[in-house]
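The next block holds one structure in the form of structure tokens; read it before the comments.
There are 6 protein chains.
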Amino acid sequence: MSDYKAFRVELTDKIAHVEINRPEKINAMNADFWTEIIDIFRWIDETDEVRVVVLSGAGKHFSSGIDLMLLASVGTQLGKDVGRNAQTLRRKILELQASFNAVDNCSKPVLAAIQGYCLGGAIDLISACDMRYATPDAQFSIKEIDIGMAADVGTLQRLPRIIGDGMMRELAFTGRTIDGEEARAIGLVNRTYADRDALLEGVFALAREIAAKSPVAVRGTKEMIRYMRDHRVDDGLEYIATWNAAMLQSADLRVAMAAHMNKQKPEFAD
Amino acid sequence: MSDYKAFRVELTDKIAHVEINRPEKINAMNADFWTEIIDIFRWIDETDEVRVVVLSGAGKHFSSGIDLMLLASVGTQLGKDVGRNAQTLRRKILELQASFNAVDNCSKPVLAAIQGYCLGGAIDLISACDMRYATPDAQFSIKEIDIGMAADVGTLQRLPRIIGDGMMRELAFTGRTIDGEEARAIGLVNRTYADRDALLEGVFALAREIAAKSPVAVRGTKEMIRYMRDHRVDDGLEYIATWNAAMLQSADLRVAMAAHMNKQKPEFAD
Amino acid sequence: MSDYKAFRVELTDKIAHVEINRPEKINAMNADFWTEIIDIFRWIDETDEVRVVVLSGAGKHFSSGIDLMLLASVGTQLGKDVGRNAQTLRRKILELQASFNAVDNCSKPVLAAIQGYCLGGAIDLISACDMRYATPDAQFSIKEIDIGMAADVGTLQRLPRIIGDGMMRELAFTGRTIDGEEARAIGLVNRTYADRDALLEGVFALAREIAAKSPVAVRGTKEMIRYMRDHRVDDGLEYIATWNAAMLQSADLRVAMAAHMNKQKPEFAD
Amino acid sequence: MSDYKAFRVELTDKIAHVEINRPEKINAMNADFWTEIIDIFRWIDETDEVRVVVLSGAGKHFSSGIDLMLLASVGTQLGKDVGRNAQTLRRKILELQASFNAVDNCSKPVLAAIQGYCLGGAIDLISACDMRYATPDAQFSIKEIDIGMAADVGTLQRLPRIIGDGMMRELAFTGRTIDGEEARAIGLVNRTYADRDALLEGVFALAREIAAKSPVAVRGTKEMIRYMRDHRVDDGLEYIATWNAAMLQSADLRVAMAAHMNKQKPEFAD
Amino acid sequence: MSDYKAFRVELTDKIAHVEINRPEKINAMNADFWTEIIDIFRWIDETDEVRVVVLSGAGKHFSSGIDLMLLASVGTQLGKDVGRNAQTLRRKILELQASFNAVDNCSKPVLAAIQGYCLGGAIDLISACDMRYATPDAQFSIKEIDIGMAADVGTLQRLPRIIGDGMMRELAFTGRTIDGEEARAIGLVNRTYADRDALLEGVFALAREIAAKSPVAVRGTKEMIRYMRDHRVDDGLEYIATWNAAMLQSADLRVAMAAHMNKQKPEFAD
Amino acid sequence: MSDYKAFRVELTDKIAHVEINRPEKINAMNADFWTEIIDIFRWIDETDEVRVVVLSGAGKHFSSGIDLMLLASVGTQLGKDVGRNAQTLRRKILELQASFNAVDNCSKPVLAAIQGYCLGGAIDLISACDMRYATPDAQFSIKEIDIGMAADVGTLQRLPRIIGDGMMRELAFTGRTIDGEEARAIGLVNRTYADRDALLEGVFALAREIAAKSPVAVRGTKEMIRYMRDHRVDDGLEYIATWNAAMLQSADLRVAMAAHMNKQKPEFAD
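Residue numbers (my numbering), protein chains in the order written: chain A, 111 to 380; chain B, 111 to 380; chain C, 111 to 380; chain D, 111 to 380; chain E, 111 to 380; chain F, 111 to 380.
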């Protein structure tokens with residue numbers, strides 16, 4: 111892997127560990143962050159050896175969200191014409207969105223491990239992950255409302271599918287902070303672990319379990335759930351039938367079946 | 111505000127309090143109710159001073175639903191030709207739906223405070239609100255099944271997004287009554303308060319909090335969540351980018367930022 | 111009813127009891143199963159006397175999912191050309207899906223009663239039912255991942271609408287087994303009952319309650335909720351208005367109203 | 111009918127003739143125009159006696175589009191805050207759109223008869239009609255591009271379904287003027303007539319023919335074609351099945367059948 | 111092939127010729143017609159040897175549409191309750207639609223050859239075919255309007271995609287008869303041939319040409335065009351990528367490539 | 111501009127001329143072609159000075175489509191496992207599609223000028239352009255069917271919206287070659303010009319005309335038409351209202367208005 115400024119990336123036992131690595135800045139999302147994350151997830155997508163991703167934040171906090179300096183710098187690029195400014199801003203927002211779309215569209219499962227602050231843009235980020243796990247004292251807040259804007263890099267678009275419409279609106283209108291336990295109760299995170307060490311241990315255990323499954327099956331499964339977020343049941347059924355028409359001819363099915371019959375652990379090619 | 115027969119409407123501190131005001135009739139929804147609610151929400155939409163809405167019912171109950179006299183009177187308008195009757199009924203139903211669409215489409219957040227009965231049409235109504243809060247002894251029932259019809263002013267259309275598909279079907283098929291606590295457990299209401307006084311106090315506190323946020327940001331947030339109920343994630347991302355292309359040029363962003371830096375409370379224009 | 115090999119079907123008091131009846135094979139879904147279930151639900155759809163369906167499994171377990179012999183036999187039908195194999199497999203998957211679509215599209219409510227194993231294809235099946243009830247020691251697992259494939263007869267398509275996106279992915283990627291209590295906590299089942307006897311008693315009580323309602327209203331309600339899983343709120347409102355334009359001219363409304371006025375139990379025609 | 115300032119409205123032989131009536135201003139669409147058209151089409155919708163609508167322009171031209179004075183007056187309502195201006199403009203555009211939505215959603219067929227200029231907003235208007243007929247020397251132009259804006263009251267949204275994507279873009283990007291013959295060749299109008307008299311005669315003959323058909327059948331037909339512009343074929347089939355479930359019980363079917371058998375002209379109730 | 115009462119079916123040189131065979135009744139669609147057509151197209155779908163279908167009518171006319179006796183017999187099945195009648199009618203219409211859906215969903219191209227009358231239900235039928243060819247004196251009319259109903263077995267749903275919105279509405283509202291030449295001019299048929307003999311000769315020549323192509327490629331092409339009628343461009347691109355992921359591994363590609371290089375005629379397996 | 115191997119790119123008078131520049135290979139689309147086109151259109155998108163694009167082919171032909179050597183080289187990357195091959199192929203197809211998506215998503219209008227061969231992949235390419243113009247002796251063919259595959263980089267997805275469903279299927283199933291005149295008759299090209307010189311002169315004249323319009327208005331217009339290809343009319347109306355909420359505050363509107371009043375030619379900023 112190449113060197114990153116905002117991240118630390120490691121690949122061990124088929125698991126890519128992507129850690130936001132600016133702990134002295136509460137892992138605020140600066141310009142490096144937004145471009146590097148695209149490169150990292152392109153590499154993950156193209157590297158057959160990577161089967162699962164764990165996303166975490168170095169230090170006491172997951173992330174305080176977008177770096178306010180970055181936001182301020184966008185303002186300086188604006189001119190006098192409202193229409194042209196609007197085109198500039200629209201393009202800029204689409205660019206930022208592309209960074210988290212890279213996480214959402216990644217063909218391998220992404221597990222987020224969250225402790226401490228998870229604010230504003232950090233909620234947008236974890237909404238683009240597959241699953242979320244936290245410590246009880248994690249603090250979640252849709253902070254955008256407090257800087258006078260509607261969240262525009264994914265929270266308002268992806269979170270309603272995860273936590274339901276009613277509580278979604280309360281959190282988005284008030285910016286209220288919830289802790290890890292409440293996050294679990296409303297379905298934002300799947301489980302809490304006592305502290306950061308237990309959290310990482312627990313999430314890596316899950317990741318290892320997924321990494322041992324057939325990669326062909328895991329990617330198909332992710333693609334189908336992703337697809338269902340936006341499509342009809344009948345379209346989804348037709349899509350999986352077309353998908354599996356090829357994938358059921360893969361060796362993984364035979365490997366899994368044979369292992370099942372012999373009560374052994376299957377070994378799948380990358 | 112003009113005088114209403116089925117409602118009492120007050121505007122204090124940027125919060126419009128809309129109270130169904132026929133306590134002697136358990137706040138049953140009569141002809142006045144259905145037309146006045148459209149006027150009220152048009153006024154709310156057009157009045158910049160209103161930033162949040164609290165919807166409640168006067169007396170011991172929120173509402174017993176549609177007035178059966180009104181339903182009976184529709185029957186008297188029918189003639190002999192099934193086809194023409196169908197056109198009359200279809201138009202009538204679309205008219206009733208328009209009353210609650212006015213709540214759903216309102217550009218400001220609507221918080222429902224529910225005590226006592228919340229039956230039939232009242233469920234249709236609260237399904238069109240942004241958030242719902244209740245007392246523990248509130249009683250919710252999709253009563254339509256018991257008068258031999260499928261609910262047709264919004265319950266079956268909006269509630270599945272709020273409480274999920276499985277319990278939705280049980281409640282709709284059986285008309286089973288659930289209390290405030292069960293309503294909270296399945297996500298129908300966000301929180302319960304000990305009694306009606308605590309309920310109103312709690313909901314108004316929330317409303318005040320939202321009223322203090324940037325109105326530009328609150329409306330954008332509501333529009334985006336409303337949009338996501340029916341659209342794809344990629345469409346939603348494109349829509350917020352286009353929306354914020356204008357809104358990020360608003361003064362509210364600067365006001366909020368400045369207040370944030372100075373750790374002061376921001377003051378936003380209406 | 112005709113004789114079935116994989117099922118036992120009874121009609122009592124307007125309730126069709128459909129029981130998977132291969133307890134010695136843990137109710138594994140063999141070739142008979144997949145074709146008979148279509149016939150059974152066509153009969154249910156066409157038989158006005160049937161108002162509700164209870165679906166259960168004979169013996170200690172609900173079902174272990176698709177019979178692995180059946181899966182193996184599909185493999186033997188494949189030839190050398192990958193393209194033609196893909197067409198064969200695609201057609202075969204669409205056929206299997208059609209069996210559970212018959213359950214999903216059935217115009218009467220289907221209640222699943224689940225004890226013991228509910229694995230793989232059995233999850234696909236219960237995802238196509240209206241409501242699910244279980245014993246605390248039931249065991250649910252999206253087993254497909256362990257035989258190297260993405261679930262393709264409905265689980266990945268229907269379950270996200272029932273249990274939400276976050277936990278859905280964990281269960282689908284890991285194949286983790288959850289018991290009845292956890293299933294209830296995440297909304298997969300509506301309620302648990304102490305043991306199989308209590309379960310069937312409870313589910314039949316619910317079924318009787320639904321069977322006593324207006325069949326015109328129950329079918330309309332089911333059609334609307336089914337429709338909303340895949341459509342927009344505004345489309346849903348237009349659809350129910352068109353539907354009820356005819357149905358509100360039914361006698362059931364008058365029967366229900368009259369009974370309501372006289373505080374009697376209504377009797378509806380089939 | 112009440113008196114209108116921008117229109118002349120007549121009802122003869124079940125046909126409503128709606129004529130834009132500001133010939134001295136080339137029928138430019140002023141403030142009166144935009145509000146009165148809503149009232150007129152509401153009246154048409156609610157008046158059973160009206161079965162078809164003919165829309166035309168008094169004098170030498172159909173219409174030169176939106177009155178530039180009106181456009182200028184909107185500008186004066188804007189303040190300093192870009193965000194609040196954007197909300198004002200968005201609301202204003204939605205209001206203007208509502209005027210032509212009233213034409214599009216009208217339950218009776220609307221036939222446009224076009225001579226002379228048909229520019230800018232006038233293209234938006236005729237795109238919302240059911241059918242269009244013209245004189246050979248009519249002049250059509252998507253004029254909005256020449257005042258520096260994208261057409262926002264319906265042309266860009268509805269016209270592609272009528273004339274196809276390729277020529278649509280050329281006309282929208284260039285604002286090129288086409289005459290009646292070219293309009294017919296690309297499907298924008300169904301037929302041309304030698305001059306204004308022949309045009310009105312021809313369109314009224316068509317209108318009379320439609321007025322003689324079953325109103326139940328005509329409205330159902332219009333609703334279905336309108337629905338198909340935005341929905342899937344399978345949704346459309348389900349919708350017409352639900353619609354006709356009521357409408358086929360209408361007397362019109364029997365009247366039409368009987369007339370058909372006896373080779374007589376049927377007479378339908380309004 | 112089994113014997114059919116309403117059809118004559120022949121398979122020669124990979125082309126199935128399906129001929130409506132009740133010339134003495136102007137090929138009116140009776141009860142046999144509607145059930146046999148489903149069987150015929152299921153057989154076509156399952157028989158690898160069939161690569162293309164030609165659909166024609168025996169005698170002087172293609173078909174006069176639905177048999178009025180059949181329509182009348184439906185009326186006799188209705189009872190007194192409007193609601194239950196509506197359910198009966200809805201089910202009946204869905205059944206009739208299923209007959210033409212079988213044509214639309216057929217995995218092989220269907221070419222319609224039309225001479226003489228093509229009225230009412232016959233328009234519904236040819237709208238479900240892939241391509242249409244006619245004699246100049248063929249007569250097309252959306253006859254349903256004249257029997258007091260909106261067409262409900264496919265014309266209003268499928269035809270707008272073929273002939274565009276503007277002329278569609280004129281033909282549907284007036285029931286106006288157009289001949290083969292006008293049908294060609296508006297895109298309803300692709301080409302006209304001088305008389306019935308030339309028509310069949312021309313259509314069979316086309317069919318032979320298609321039958322000589324790779325069946326894997328032809329089916330993929332049909333599936334994609336069918337899919338695009340109802341889906342977004344981005345969904346369509348993702349779908350063909352998934353489809354071709356398997357199909358490009360087929361031998362047909364190599365066979366076609368090799369033949370292309372050697373300038374020979376390729377021979378594809380069924 | 112940087113140097114390209116497969117293209118020649120020039121920017122003159124706000125018009126980017128993109129010419130496929132491998133005339134000795136009939137402009138076949140090789141590996142360079144597919145990657146360079148993305149860079150070129152990214153540059154076009156980001157360069158405010160570019161307002162319109164003309165796409166043409168050097169020499170006697172527009173393009174013979176994908177280079178068969180490239181196709182062959184993909185085959186060599188495949189291994190033994192059908193499932194993994196399918197994933198490789200799917201990714202490869204999505205990559206090729208991305209090249210033409212770059213044309214489709216380009217925010218400036220793209221005009222294709224076509225002479226000679228326009229085969230296979232070249233049809234996919236021109237389907238992604240805004241408008242198409244040709245010489246009478248141009249030759250169009252959906253060639254993919256003849257190499258045993260369904261077209262998978264855009265033809266089957268985009269062309270039906272341009273030429274209608276009926277002729278689309280004939281051309282796709284048969285691969286029949288049509289010339290410029292027939293292409294014009296079915297709406298594939300907007301106009302023909304006598305020869306290549308006249309063609310380029312005509313297309314550049316059109317391009318200059320568009321380049322003189324307000325760039326803010328042109329981009330908005332393109333975005334809206336692109337959006338309508340895949341969205342509902344009501345969504346489109348909401349989208350343009352949101353878009354114009356910002357754009358109508360642009361200076362271009364005032365510039366255009368002032369020029370219009372003074373009957374002068376407006377000058378817009380890039």
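All residues carry an ideal CB built from backbone N, CA and C; glycine is no exception. All values derive from a computational prediction rather than experimental measurement.
By the criterion of at least three beta-carbon pairs nearer than 8 Å, the stretch 130–149 of chain E is not in contact with the stretch 361–373 of chain D. Short of 6 Å from the beta carbon of Ala-282/F, and not among the five residues preceding or following it, lie these beta carbons of its own chain, in chain order: Ile-252.
Taking the CA atoms as reference points, Met-367/A sits about 12 Å from Leu-358/A. Distances from the alpha-carbon of Tyr-303/D to those of Pro-246/D, Arg-329/D, Pro-219/D put Pro-246/D closest. DSSP places His-370/D in the helix class (H, G or I) of the three-state scheme.
The Cβ-Cβ distance between Gly-226/A and Lys-135/A does not fall below 7 Å. For Thr-352/C, the closest Cβ of chain D is nearer than 7 Å. Unbroken beta strand (DSSP E) stretches of 3 residues or longer found wholly inside the stretch 243–291 of chain F: 249–251, given in chain order.
Ala-222/F sits away from Phe-151/F, with the two beta carbons spaced by 7 Å or more.
In this structure, Met-241/A places its C-beta atom within 7 Å of the C-beta atom of Asn-300/A. For Met-357/D, the residues of chain B that pass the 9 Å Cβ criterion are Val-192, Gly-193, Ala-196, Gln-197, in the order they occur in the chain. For the pair of segments examined, the stretch 338–358 of chain F was found to touch the stretch 255–275 of chain D: the number of CB pairs separated by less than 8 Å reaches three. With a cutoff of 7 Å on beta-carbon distance, Ser-173/A and Asn-137/A are scored as near each other. For Lys-115/A, the CB contacts under 6 Å within the same chain, skipping 5 residues up- and downstream, are Asp-142 in chain order. Excluding sequence positions up to five before and after Asp-155/B, its CB lies within less than 7 Å of the CB of Cys-216, Ser-217, all in the same chain and listed in chain order. Listed in chain order, the beta strand (DSSP E) runs fully inside the stretch 322–362 of chain B amount to none, counting runs of at least 3 residues. Membership of Ile-176/D in any beta strand (DSSP E) is not indicated, and neither H nor E is assigned to it by DSSP. Within the same chain, and ignoring the five residues on either side of Asp-380/A in sequence, the residues whose Cβ sits closer than 7 Å to its Cβ are Asp-158, Glu-159, Pro-325. Ranking Arg-271/D, Gly-290/D, Gly-297/D by CA distance to the CA of Tyr-337/D puts Arg-271/D first. Within chain A, the C-beta atoms nearer than 9 Å to that of Val-365/B come from Gly-258, in chain order. A residue is called buried once 16 or more other Cβ atoms fall within 10 Å of its Cβ, and Ser-183/E, having fewer, is exposed.
In the DSSP assignment, the residues bridged to Ile-224/D are Ala-244/D.
Counting the other CB atoms within 10 Å of its CB gives Thr-186/E a total below 16, which places it among the exposed residues.
In the three-state reduction of the DSSP assignment, Phe-117/A falls in the strand class, which pools E and B. Proximity of chain F to Asn-300/E at the Cβ level (cut-off 9 Å) is accounted for by Gly-276, Met-277, Arg-279, Glu-280, in chain order. If you look at Glu-159/F, you'll find it isn't in any alpha helix (DSSP H); DSSP assigns it neither H nor E. The Cβ of Gln-187/D sits no closer than 7 Å to any Cβ of chain F. In the structure shown, Val-192/A adopts helical secondary structure according to DSSP, grouped into three states. For Ala-212/B, none of the residues of chain D pass the 9 Å Cβ criterion, the least Cβ distance being about 14 Å.
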